[in-house]
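What follows is a single structure, written as structure tokens, with notes after it.
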Amino acid sequence: MIKVDCIKELKDIYSASKKEATIVDVPDMNFLMVDGEGAPQSRQYQEAIQAVYPVAYTLKFTVKKAQGIDYRVMPLEGLWWADDMARFMEDRNKWKWTAMIMQPKYVTADVFSAAVQQVREKKAPVALDKVRFECYHEGKAAQIMHVGPFSTEGPNVEKVHAAIKAAGCQLAGKHHEIYLSDARKTAPEKWKTIIRQPMK
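Numbering (this note's numbering), first residue to last: 27 to 226.
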């Protein structure tokens, strides 16, 4: 049995400084993705999470059984945006998002399709048909590690944006967050979130 830790293999992408924003070059990677609209507390977002995790774990166990590779399920990530970004913080219910979990190279479109069918037969979560398998291109980006509740991210978001401007670049693409902590088991003041912003 081969054990794989994708977070360690992609250390530059899935770790970040707590003090300052740094520039990274994010490679193209495959993800499980679910799109939706509404605040993080909305039913639609919760249904997305309840669909994407069973597929991710089914893929893990399928690859382990068929290929002899035991890999760590990657953390939940999120892309967040609004039609009018200037008013983004005014109404969380109008936020648009993509909930996603990165998939290692051992997962193919065929393996994904089979896993979805397995989940459908066992659990059939409401948003299962919205889960897709897709390559995501992000490229050059700035990122920082935020420690604490999501409500206190503001200063670190500003640091990321300032680093992009200091590099002579502009913001591009969608605000990206990587949730390294299990919010169900960790106190909010200890939550670790990588805040990332693509640039051009």
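The beta carbon of each residue, even a glycine, is placed where N, CA and C say it ideally should be.
Nearest to residue i (by Cα), restricted to the options the options
i           : options            : result
residue 59  : 142, 207, 53       : 142
residue 28  : 93, 125, 53        : 93
residue 72  : 164, 145, 125      : 125
residue 107 : 66, 83, 84, 140    : 66
residue 89  : 222, 195, 30       : 30
residue 110 : 200, 44, 211, 32   : 200
residue 52  : 209, 44, 196, 202  : 202
residue 79  : 95, 69, 193, 99    : 99
residue 224 : 49, 198, 211, 210  : 198
residue 216 : 87, 195, 36, 44    : 44
residue 150 : 76, 214, 56, 226   : 76
residue 86  : 211, 193, 140, 209 : 140
residue 84  : 211, 138, 213, 165 : 138
residue 158 : 117, 61, 123       : 61
residue 117 : 91, 165, 68, 130   : 68
Where residue i falls: helix, strand or coil (DSSP)
i           : result
residue 69  : helix
residue 39  : coil
residue 101 : coil
residue 46  : coil
residue 85  : helix
residue 91  : helix
residue 218 : strand
residue 224 : strand
residue 211 : coil
Below-8 Å beta-carbon distance, residue i vs any chain C residue
i          : result
residue 50 : In summary, chain C is missing from the structure at hand, where a single protein chain is found.
Residue i vs residue j beta-carbon contact at 8 Å
i           : j           : result
residue 46  : residue 218 : no
residue 96  : residue 163 : no
residue 160 : residue 121 : no
residue 42  : residue 220 : yes
residue 40  : residue 33  : yes
residue 81  : residue 145 : yes
residue 128 : residue 176 : no
residue 148 : residue 195 : no
(message) Measuring CB atoms only, is the region 170 to 181 touching the region 92 to 104, in the sense that at least three cross pairs come out at less than 8 Å?
(response) No, because fewer than three Cβ pairs between the region 170 to 181 and the region 92 to 104 fall closer than 8 Å, the two stretches do not touch.
(message) Ignoring anything shorter than 4 residues, give me the alpha helix (DSSP H) runs that lie fully in the region 117 to 203, in order along the chain.
(response) Taken in chain order, the unbroken stretches of alpha helix (DSSP H) that lie wholly in the region 117 to 203 and span 4 residues or more are 135 to 148, 180 to 192.
(request) Evaluate contact between the region 189 to 206 and the region 130 to 145, counting only Cβ atoms and requiring at least three cross-stretch pairs below 8 Å. (result) Put simply, the region 189 to 206 does not touch the region 130 to 145. Fewer than three CB pairs are less than 8 Å apart.
(message) Can you confirm whether the region 147 to 157 touches the region 167 to 175 when touching is taken to mean that 3 or more C-beta pairs between the two stretches lie within less than 8 Å?
(response) Flag = no, the region 167 to 175 and the region 147 to 157 do not touch.
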